[in-house]
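Just so you know, we're using my numbering here: the first sequence kicks off at 6 and counts up by one. Ideal Cβ placement from N, Cα and C applies to all residues, glycine included. Working notes, beginning with the structure itself.
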Amino acid sequence: MNQDNSRTSSKKASEFPLFTVHDDPKDAVVASHKLLIRAGFIRKQASGFYTQMPFAVIIQQNIENIIRDEMNKAGAIEVKLPVLTDAELWKTSKRWEVMGSEMMRMTDRHKNPFALGPTHEESMTTLAASFLKSYKQMPLNLYQIGLKYRDEIRPRYGLIRCREFTMKDAYSFHMDDESLDNTYQKMRVAYKNIFNRCGLQTIAVQADSGAMGGSASEEYMVPSEIGEETLLVSGFEENDYKSNSEKTEFIPSYSYEKNKSTADALKVETPNVKTVEEVAAFLKADIRNFIKTVIYENVETILICFIPGDRDINEAKLKNISGQSEFEMASSETIKIITGAIPGFAGPFGLPVKHGQKIIVTNQDESNTQKIEKEVRIYFDRNLESRGNLISGGNQNDTHCINLQEGRDFSIPENQKNLDLVLAREGDLVPNHPEKKLLATKGIEVGHIFKLGYKYTQAFKLTVLDKNGKAHTPTMGTYGIGVGRTMATVVEQNHDEKGIIWPSSISPFQVYLTGIFKGDEQKAVIDDLFEKLVNLGLKIYYDDRSENPGVKFNDADLVGFPWQFTAGKNFINSGEIEIKNRRTGEKTMASLDSIDKFIKDNLMI
RNA sequence: CGGGAUGUAGCGCAGUGGUAGCGCAUCAGUUUUGGGAACUGAGGGUCGCUGGUUCAAGUCCAGUCAUCCCGACCA
Numbered sequence: 006m007n008q009d010n011s012r013t014s015s016k017k018a019s020e021f022p023l024f025t026v027h028d029d030p031k032d033a034v035v036a037s038h039k040l041l042i043r044a045g046f047i048r049k050q051a052s053g054f055y056t057q058m059p060f061a062v063i064i065q066q067n068i069e070n071i072i073r074d075e076m077n078k079a080g081a082i083e084v085k086l087p088v089l090t091d092a093e094l095w096k097t098s099k100r101w102e103v104m105g106s107e108m109m110r111m112t113d114r115h116k117n118p119f120a121l122g123p124t125h126e127e128s129m130t131t132l133a134a135s136f137l138k139s140y141k142q143m144p145l146n147l148y149q150i151g152l153k154y155r156d157e158i159r160p161r162y163g164l165i166r167c168r169e170f171t172m173k174d175a176y177s178f179h180m181d182d183e184s185l186d187n188t189y190q191k192m193r194v195a196y197k198n199i200f201n202r203c204g205l206q207t208i209a210v211q212a213d214s215g216a217m218g219g220s221a222s223e224e225y226m227v228p229s230e231i232g233e234e235t236l237l238v239s240g241f242e243e244n245d246y247k248s249n250s251e252k253t254e255f256i257p258s259y260s261y262e263k264n265k266s267t268a269d270a271l272k273v274e275t276p277n278v279k280t281v282e283e284v285a286a287f288l289k290a291d292i293r294n295f296i297k298t299v300i301y302e303n304v305e306t307i308l309i310c311f312i313p314g315d316r317d318i319n320e321a322k323l324k325n326i327s328g329q330s331e332f333e334m335a336s337s338e339t340i341k342i343i344t345g346a347i348p349g350f351a352g353p354f355g356l357p358v359k360h361g362q363k364i365i366v367t368n369q370d371e372s373n374t375q376k377i378e379k380e381v382r383i384y385f386d387r388n389l390e391s392r393g394n395l396i397s398g399g400n401q402n403d404t405h406c407i408n409l410q411e412g413r414d415f416s417i418p419e420n421q422k423n424l425d426l427v428l429a430r431e432g433d434l435v436p437n438h439p440e441k442k443l444l445a446t447k448g449i450e451v452g453h454i455f456k457l458g459y460k461y462t463q464a465f466k467l468t469v470l471d472k473n474g475k476a477h478t479p480t481m482g483t484y485g486i487g488v489g490r491t492m493a494t495v496v497e498q499n500h501d502e503k504g505i506i507w508p509s510s511i512s513p514f515q516v517y518l519t520g521i522f523k524g525d526e527q528k529a530v531i532d533d534l535f536e537k538l539v540n541l542g543l544k545i546y547y548d549d550r551s552e553n554p555g556v557k558f559n560d561a562d563l564v565g566f567p568w569q570f571t572a573g574k575n576f577i578n579s580g581e582i583e584i585k586n587r588r589t590g591e592k593t594m595a596s597l598d599s600i601d602k603f604i605k606d607n608l609m610i
């Protein structure tokens, strides 16, 4: 009998109960959230915290084991780090402040600060530093599967965005970029295999790699209406361009007018019209000839950005260009100080401040307001270069300027040429393939692989001796997969109006056996069938409740195991079992004698 | 943190200032068993919390907490 552990053994409903519920929970809006709760896989404990019920525990184990198998095959080594992390770790990497209120913090009895780990670069680098001494020990790829805590601003969609979630996180250490790339490529293969084996269709897209260097980064996205990322692709085939919109280079499918201004710059009154759209309508001008001004600030800097009037700014690109990882829209106060006008009338012509200038502004940080000095930085998008007949704010209330000429009325500095600040969108040209246009789709991120570089090895002073006996700082890669999110997105991709349809690779059971019987005598016949099926090696869930048949059929569809066997009066009278494929709905009849072959042909994986 | 909404039985929801309700679920009994059964009976409530107005508050007012949805973070 298959009684070795819960992952491989068969169960009876009378001993291993269902937790299905009749109604959709009122706070659920997406399919995976509704179905996982209705089918009794999860229960909400608090916002962003979920209990896993018995079936979900098995699914999670199945997904984890697929991940383990592929990671181990790719040469990674599993460890387990503490979830609770000492504040010292985060202070060393300067992330104690950067992480802000996203980290769940606490103190121990001695008043020492700790945080529940939102990620483990610090812990893993510290661990590696404790034993990595020689180039001979590398490359090394360490991973763990464990809980992460992030105090999300807005948990939502059930398991898709939680405050406590299980993640597989791996960190690799290398002597050089070539070795890093080698492991990175292995992880690409492993990730493809992992998601394929989980029955999850993903697309790998180019991702923004953040402020720490132009290294490679790929996100594994599940295409979905409810996705929080916008993806831009040239198609969905192997060699098509696929990118996160944050990362996508902006190449317009139309051309911006390059005529020189024939008239001098001129101020015009534009009372109470502020947005580019309003001003364009007011002046009856083409929105593409406008310069849109966007102003951000943080505690150190004020970032003034000029972009084409018909487009939006890409903040991820600005972060990379400016090196500032955090900023927000500048306050009205700040805008008045730097432009001399209320918001809505800023522009490059006659702007009272210069790039690099230090300026005193009021900093309204929480409760206390104080005067602090900030550095002004000015950035121009490349699509403004050499253009004339431009229109922008006049740095004066209710005033705009027309006939502006780049190089005459304002100039893009030489060291700032070719900056790309615009958020690309559907219809723009595909980078390197100007004959194609980008298509937009939404995606949920389930995995991310990333060449990290030296940030943590430097911060934690991790060095090893190279062949020449000289100290060398290794480079790192990091590779994450959201385990619970994988479970949820599988449901998003695999369900119908009746319930979930689990891929057999991660399904808690292969077969849902519905017994329909009157009285103990008939039940005994079907109990006996269950034992025989278990002995054939099937992982089977036997609904032996004395409910009405409809209740059991509905539960079988809802919990979504891939095959449904029904044994009722046909079985009792003539030994016929009905077999239904949950996904296709296809039904066949089999006798106990012929079922062995059916199982070998269809159910053994 | 801004904008919007909701908190009433385990779940889903009604509720007009004047007796706390419905459906499902639960428990007991009888019948029923191939697509969410029927009947009879029973149990289950600090109406989120605190304060106020009123002869009287689930209902009106103020505050507060929680949850969800829309925007900035992320696996």
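DSSP state of residue i mapped onto helix, strand, coil
i, result
"residue 501", "strand"
"residue 82", "strand"
"residue 299", "strand"
"residue 128", "helix"
"residue 112", "strand"
"residue 163", "helix"
"residue 38", "helix"
"residue 519", "strand"
"residue 344", "helix"
"residue 140", "helix"
"residue 492", "helix"
"residue 184", "helix"
"residue 197", "helix"
"residue 70", "helix"
"residue 337", "helix"
Residues sharing a beta bridge with residue i, DSSP
i, result
"residue 95", "According to DSSP, residue 95 bridges with nothing at all."
"residue 367", "376"
"residue 477", "469"
"residue 236", "249, 446"
"residue 613", "The question about residue 613 has no answer here: the residues shown for the chain are numbered 6 through 610."
"residue 435", "438"
"residue 179", "480"
"residue 170", "153"
"residue 118", "112"
Reference residue i, options the options, closest by Cα
i, options, result
"residue 65", "512, 537, 531", "512"
"residue 97", "114, 70, 126", "126"
"residue 90", "70, 56, 72, 131", "131"
"residue 550", "383, 541, 543, 560", "560"
"residue 283", "384, 236, 398", "398"
"residue 94", "80, 119, 81", "119"
"residue 234", "133, 534, 430", "430"
"residue 358", "413, 336, 367, 381", "381"
"residue 87", "149, 299, 117", "149"
"residue 562", "437, 516, 607", "516"
"residue 485", "32, 101, 199", "199"
Run of the alpha helix (DSSP H) containing residue i, from where it starts to where it stops
i, result
"residue 507", "Premise fails: residue 507 is in no alpha helix (DSSP H) and is neither H nor E."
"residue 205", "Per DSSP, residue 205 belongs to no alpha helix (DSSP H) and is neither H nor E."
"residue 555", "554–564"
"residue 322", "320–327"
"residue 524", "524–540"
"residue 287", "281–288"
"residue 417", "Careful: residue 417 lies outside any alpha helix (DSSP H) and carries neither H nor E."
"residue 462", "460–464"
"residue 605", "597–607"
"residue 102", "100–103"
The ligand FMN heavy atom lying under 7 Å from the CB of residue i
i, result
"residue 15", "The ligand FMN is not among the ligands present in this structure, which contains no ligands whatsoever."
Local Cβ density within 10 Å of residue i, reported as buried at 16 or more and exposed below that
i, result
"residue 448", "buried"
"residue 483", "buried"
"residue 22", "exposed"
"residue 371", "With a pLDDT of only 44 at residue 371, under 50, the local geometry of the prediction cannot be trusted, and the value read off the model is given with reservation. The residue in question, residue 371, is exposed, as its Cβ has fewer than 16 Cβ neighbours within 10 Å."
"residue 470", "exposed"
"residue 152", "exposed"
"residue 218", "With a pLDDT of only 45 at residue 218, under the threshold of 50, the placement of this residue in the model should not be trusted, and no figure is reported."
"residue 593", "exposed"
"residue 251", "buried"
First and last residue of the uninterrupted beta strand (DSSP E) at residue i
i, result
"residue 249", "247–249"
"residue 576", "Where residue 576 is concerned, there is no enclosing beta strand (DSSP E), although the alpha helix (DSSP H) it sits in stretches over 574–579."
"residue 405", "404–409"
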